[in-house]
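Protein chains in written order, with this note's numbering: chain A, 1 to 482; chain B, 483 to 534. First up is the structure itself, then whatever we jot down about it.
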Amino acid sequence: MKENRIQAPVISEDWLAVAIGGLIFLLSLAPFGGIDLLGWSASTRMWMDLGKSVAPIAKGSALPGIASLILTFAFVLALMSTGARFLGVHPVRFAGAFTLVFWISYACWVAGHYAYIAATSDKLSGFGIAWSLNLTGEAGYIIALILGLVIANFFKGFADRIREATRPEWYIKTAIVIMGAALGVKAAESLGLAQAVIFRGLCAIIEAYLIYWAAVYFVARRWFGFSREWAAPLASGISICGVSAAIATGAAIRARPVVPIMVSSLVVIFAVVELLLLPFLAQLFLHHEPMVAGAWMGLAVKTDGAAVASGAITDALIRAKALEADGIAYKEGWILMAATTTKIFIDVFIGVWAFILALIWAGVIEKRAGDKVRAIEIWQRFPKFVIGYLVTFLLLLIVCSMNPEAIPAAKIGADEANVYRQLFFVLTFFCIGVVTDFRKLWQEGIGRLAAVYVVSLFGFVIWIGLAISWIFFHGMKPPLAG
Amino acid sequence: MAEPDIKEELARMRAEPLLPVEKKLVGWSLALGAVLLILLIWASYSFFPAQG
Chain A
1 MKENRIQAPV ISEDWLAVAI GGLIFLLSLA PFGGIDLLGW SASTRMWMDL GKSVAPIAKG
61 SALPGIASLI LTFAFVLALM STGARFLGVH PVRFAGAFTL VFWISYACWV AGHYAYIAAT
121 SDKLSGFGIA WSLNLTGEAG YIIALILGLV IANFFKGFAD RIREATRPEW YIKTAIVIMG
181 AALGVKAAES LGLAQAVIFR GLCAIIEAYL IYWAAVYFVA RRWFGFSREW AAPLASGISI
241 CGVSAAIATG AAIRARPVVP IMVSSLVVIF AVVELLLLPF LAQLFLHHEP MVAGAWMGLA
301 VKTDGAAVAS GAITDALIRA KALEADGIAY KEGWILMAAT TTKIFIDVFI GVWAFILALI
361 WAGVIEKRAG DKVRAIEIWQ RFPKFVIGYL VTFLLLLIVC SMNPEAIPAA KIGADEANVY
421 RQLFFVLTFF CIGVVTDFRK LWQEGIGRLA AVYVVSLFGF VIWIGLAISW IFFHGMKPPL
481 AG
Chain B
483 MAEPDIKEEL ARMRAEPLLP VEKKLVGWSL ALGAVLLILL IWASYSFFPA QG
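The following block contains the structure:
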């Protein structure tokens, strides 16, 4: 691929996600002062008439939907192109690719809101239809993912053309920073439940780290004969958090860079398989245990993008199923919160885990004279976008808990910011598809690596994740809507 | 950067028997997981009961 960097990055993707997500968060705080700075942003509605699919998020706004959408695109394009420059990417080339990525993703998002696809049982009569697929508007995410996969695997030239803007990790991290505020408001309304989700999420990931990693490492070493240099990044990649964990572990044990790179290419492919399977399995079998389903997504699905994305799909699918099967309307976002909380804790602990492995490798397994492991490495490997998430979450949680009268204004702001959260989510889904090249599975020699992945992931990682989620989250239900 | 050849890389991998220290690492990790599981379940259900 042509090298399009114009300079070295001056800021990491993580900090850039904090900056862009933080800016949108700050603009969304305006309703506290009685001002509306984001009311013009385009909100997507369920539709039978395409002309009514997009409208400004502010109720009663006279702005036409298409104008609102063009303004939203221009705003996001300006933000991301400016950000791209800080990443050392040519902003004009990025803008060209991003324009295509945006409009294709948005078209998928609108398509997913078609009433015959999206309408839940309570909305059918409103649209004058007798049936629907009951997938909610989040079906747009699946459509974006599938289209991305088609492009990656059948239209490689086009995938390369938009490569500059296919950055799923950047988009999902930005979305997570924005999402912190909305979850903070929700948590303030049900503080006890939020505390339980956070504490139990922490417990779940402690268990996952200790059981998952050791089991996968043993399988890779004993059953598949991988060397230590391969087994450790594989164990982290399969069991913990995909790409970032494989890279952090590779660095911690001083593996050659080629090892985590190869592991990462598999992580991305299998994360997509999980993303396409697990939310639907959860809807089928776990709609009576919604929070178990959310935590399961956070524990079992690898990479930030796929894990949080599967949390969003599961949230929508389970709420639709609970409404249809049991007439129970759960509040939106709590299942996603369980998925995000476990995933965020996993991310936070990557640095700690890598530090522990570095100590063991340098001090015991592969003793090297003068090889010092410094505690600062924990901070260096800390995913900085988590700071953005924590700040937006805690700020809104504290403000709304101490001052309940502020909740209505906070909700208006959170709804406006949610437009951008959803937008970054759909960009993430599309881009995950575009970077997933299934042809890699046919690459000569990859079979052994893929075999250990399949055995570990589908043999026990997914099921241990389910068991841990069940142990810590069963019986816990999201608040009821209305 | 040139795409690494996975077949070549895996062929180059040396056979390494599982060291006692690795067995200890796996064993301790699983044992700690089992002990903490009990402790964390107790803490979760005692101090952060499920609501909803």
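Idealized CB from N, CA, C, for every residue including glycine. Bear in mind that the values here come from a model prediction, so they are computed numbers and not experimental data.
- Rounded to whole angstroms, the Cβ separation of A/Gly-225 and B/Lys-489 is 16 Å, and the two are not in contact under 8 Å.
- Shown in chain order are the members of the stretch 197-223 of chain A whose Cβ falls below 7 Å from a Cβ of chain B: Phe-199, Arg-200, Cys-203, Ile-206, Glu-207, Leu-210, Ile-211, Trp-213, Ala-214, Tyr-217, Phe-218, Arg-221 and Arg-222.
- Our two residues, B/Pro-502 and A/Val-216, have alpha carbons roughly 17 Å apart in a direct line.
- Contact of A/Val-243 with chain B by beta-carbon distance below 7 Å is absent, the smallest such distance being about 16 Å.
- Burial check for A/Ala-312: the Cβ neighbour count within 10 Å reaches 16 or more, so the residue is buried.
- Distances from the CA of A/Arg-93 to each of A/Leu-284, A/Leu-77, A/Ala-107 and A/Ser-105 were compared; the closest alpha carbon is that of A/Leu-77.
- Annotation: the stretch 140-200 of chain A contains the following complete segments of the alpha helix (DSSP H) (minimum length 4 residues), in chain order: 156-161 and 168-189.
- One thing to note: B/Ala-497 has its Cβ no nearer than 8 Å to the Cβ of A/Met-476.
- Comparing C-alpha distances from A/Ile-360 to each of A/Asp-122, A/Pro-260 and A/Arg-374 shows the shortest one belongs to A/Arg-374.
- As the crow flies, the alpha-carbon of A/Phe-473 is around 27 Å from that of A/Val-268.
- Taking a C-beta distance under 8 Å as the contact criterion, A/Thr-314 and A/Ala-339 qualify as a contact pair.
- Apart from the 5 residues on each side of it in sequence, A/Thr-174 sits with its Cβ closer than 7 Å to the Cβ of Ala-17, Ile-20, Gly-21 and Phe-424 in its chain, given in chain order.
- Counting other Cβ atoms within 10 Å of its Cβ, A/Ser-125 stays below 16 and is therefore classed as exposed.
- Per DSSP, the continuous alpha helix (DSSP H) segment holding A/Pro-233 begins and ends at 228-236.
- Distance from the CA atom of A/Pro-9 to the CA atom of B/Leu-512, rounded to whole angstroms, is 41 Å.
- A/Ser-81 sits in a helix when the DSSP states are folded into three classes.
- With respect to A/Ala-118, A/Ser-105 sits apart: the two C-beta atoms are not nearer than 8 Å.
- A distance below 8 Å between beta-carbons, with the five flanking residues on each side excluded, links A/Ala-282 to the following residues of its chain, in chain order: Ala-293, Trp-296, Met-297, Thr-314, Leu-317 and Ile-318.
- Of the other Cβ atoms in all chains shown, 16 or more fall within 10 Å of the Cβ of A/Trp-170; this residue is therefore buried.
- At a Cβ-Cβ threshold of 8 Å, A/Leu-480 and A/Tyr-330 count as neighbours.
- Between the C-alpha atoms of A/Leu-50 and A/Asp-122 there is a straight-line separation of about 21 Å.
- For the stretch 514-525 of chain B, residues whose beta-carbon sits nearer than 8 Å to a beta-carbon of chain A comprise Leu-514, Gly-515, Leu-518, Leu-519, Leu-522, Ile-523 and Ala-525.
- Contact between A/Phe-393 and A/Leu-183 holds, since their C-beta atoms are separated by about 6 Å, short of 8 Å.
- DSSP places A/Ser-41 outside both helix and strand once states are collapsed to three, so it counts as coil.
- Only those residues of the stretch 450-475 of chain A whose C-beta falls short of 9 Å from the nearest C-beta of chain B are listed: Ile-468, Ile-471, Phe-472, Phe-473, His-474 and Gly-475.
- Between A/Pro-64 and A/Phe-73, the alpha-carbon positions lie close to 14 Å from each other.
- In the DSSP assignment, A/Pro-56 falls within the unbroken beta strand (DSSP E) covering 54-56.
- In this structure A/Glu-289 is buried. Its beta-carbon is surrounded by 16 or more other beta-carbon atoms within 10 angstroms.
- At a cut-off of 8 Å between C-beta atoms, B/Pro-531 counts as an interface residue with respect to chain A.
- For B/Lys-505, the enclosing alpha helix (DSSP H) covers residues 502-529.
- When C-beta atoms of the stretch 191-207 of chain A are compared with those of the stretch 413-433 of chain A, fewer than three pairs fall below 8 Å, so the two segments do not count as touching.
- Scanning its chain for C-beta atoms nearer than 6 Å, with the 5 sequence neighbours on each side dropped, one finds around A/Arg-85 the residues Pro-91, in chain order.
- Taking 8 Å as the cut-off, the Cβ atoms of B/Leu-519 and A/Glu-207 count as close.
- By the beta-carbon neighbour count (other beta carbons within 10 angstroms, threshold 16), A/Trp-223 is exposed.
- Distance from the CA of B/Leu-507 to the CA of B/Gly-515, rounded to the nearest whole angstrom, comes to 12 Å.
- In the DSSP assignment, A/Leu-276 is bridged to no other residue.
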